[in-house]
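First residue of the sequence shown? That's 386 in my numbering, and the numbers climb one at a time after it.
Virtual Cβ for every residue (Gly too), placed ideally from N, Cα, C.
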Amino acid sequence: MKVKTLFNILLVIVALILALLATRSILRPEKYKAVYNQRSEEVRSRLVTIRAVQAVYRNEFKKYAGNVDTLVYFVNHGVVKITKITGEIPENMTEEAAFKAGLIKKVEERISAKDKIIESDPNVNSESLKNFQLIPYADGRKFEIQLGKLSSKTYEIPVYRIDVPLDDILINLDRTITPKESSFSDKVFNKLFYSGLAEETQFKEKYRPLSLGSLTDASTSGSWEK
386 MKVKTLFNIL LVIVALILAL LATRSILRPE KYKAVYNQRS EEVRSRLVTI RAVQAVYRNE
446 FKKYAGNVDT LVYFVNHGVV KITKITGEIP ENMTEEAAFK AGLIKKVEER ISAKDKIIES
506 DPNVNSESLK NFQLIPYADG RKFEIQLGKL SSKTYEIPVY RIDVPLDDIL INLDRTITPK
566 ESSFSDKVFN KLFYSGLAEE TQFKEKYRPL SLGSLTDAST SGSWEK
């Protein structure tokens, strides 16, 4: 009787271990996917902000900034010129005729670069402009900008590109799997099911790096938009 009871206990333990391993094999790839999606969304958001800042910077200086520190200074201290038309155009009169008649005129004003950037892109706000130069979770590392030019006999167009390797997107993966503010039960659960997940390269191979802009085309699209 004792042998049979011991055998049944062992069977239960084995069954529990097998169930645990099966659950781990299901949860781990899904967790990796969720973390990648969260991380890539954060990176995309910052790249979109960089694109908005670069657009206003180029409009003001006729070129793109070659590093993110220049863009940060531009956001915090820059001023841009805008032209407004004052007056009214009477019916049945063209804008050109109204200018000649002195009914309307152009007035140049200066506003902060930050206000212009926020005004120009609905995806950008004061909050997104705070740390847009930093790669999320990378301990202060910054995005790197490559500059180039597309030239012909009749034109020269400035271009830029930012590459974000997969290693940069997934850096310090454990910080997302088990945040510092996690409860004790969450920490135990994550330790049980997700320990060592960051080192499992078979999951990593399924995902792509991100980039913004191009050095071969006059495009500022992100790789996720193509």
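Per DSSP, the continuous alpha helix (DSSP H) segment holding Q587 begins and ends at T586 to K589. Contact annotation: A498 and V441 have beta-carbon atoms nearer than 8 Å. Taken in chain order, the whole alpha helix (DSSP H) runs of length 4 or more contained in the segment 387-466 are 387-446 and 453-462.
The beta carbons of R546 and G607 sit about 11 Å from each other, so the pair does not count as a contact at 8 Å. Three or more pairs of CB atoms, one per stretch, sit closer than 8 Å, so the segment 455-474 contacts the segment 487-501. Two segments are said to touch when three or more pairs of C-beta atoms, one from each, lie closer than 8 Å; by this definition the segment 501-508 touches the segment 437-456. When the beta-carbon positions are compared, L551 and K589 come within less than 8 Å of each other. DSSP places K490 outside any alpha helix (DSSP H); the residue lies instead in the beta strand (DSSP E), whose first and last residues are I489 to S497. In the DSSP assignment, R546 falls within the unbroken beta strand (DSSP E) covering E541 to V549.
Taking all protein chains shown into account, S425 has 16 or more neighbouring C-beta atoms within 10 Å of its C-beta and is therefore buried.
Judged by DSSP in its simplified three-state form, T561 adopts helix. Bounds of the beta strand (DSSP E) holding K534 are Q531 to S536. In the DSSP assignment, L577 falls within the unbroken alpha helix (DSSP H) covering F569 to Y579. The C-beta distance from V428 to L595 rounds to 6 Å, short enough to meet the 8 Å contact threshold. Within the same chain, and ignoring the five residues on either side of V464 in sequence, the residues whose Cβ sits closer than 8 Å to its Cβ are R495, I496, S497 and A498. Excluding its 5 nearest sequence neighbours in each direction, K448 has C-beta neighbours in its own chain below 7 Å: P543, listed in chain order.
The three-state reading of DSSP puts S505 in helix, counting H, G and I together. Look at L519 here: in three-state DSSP terms it is strand.
Per the DSSP secondary-structure output, I470 pairs in a beta bridge with K491. Residue range E480 to K485 is occupied by the alpha helix (DSSP H) that includes F484.
The Cβ-Cβ distance between L456 and V438 falls below 8 Å.
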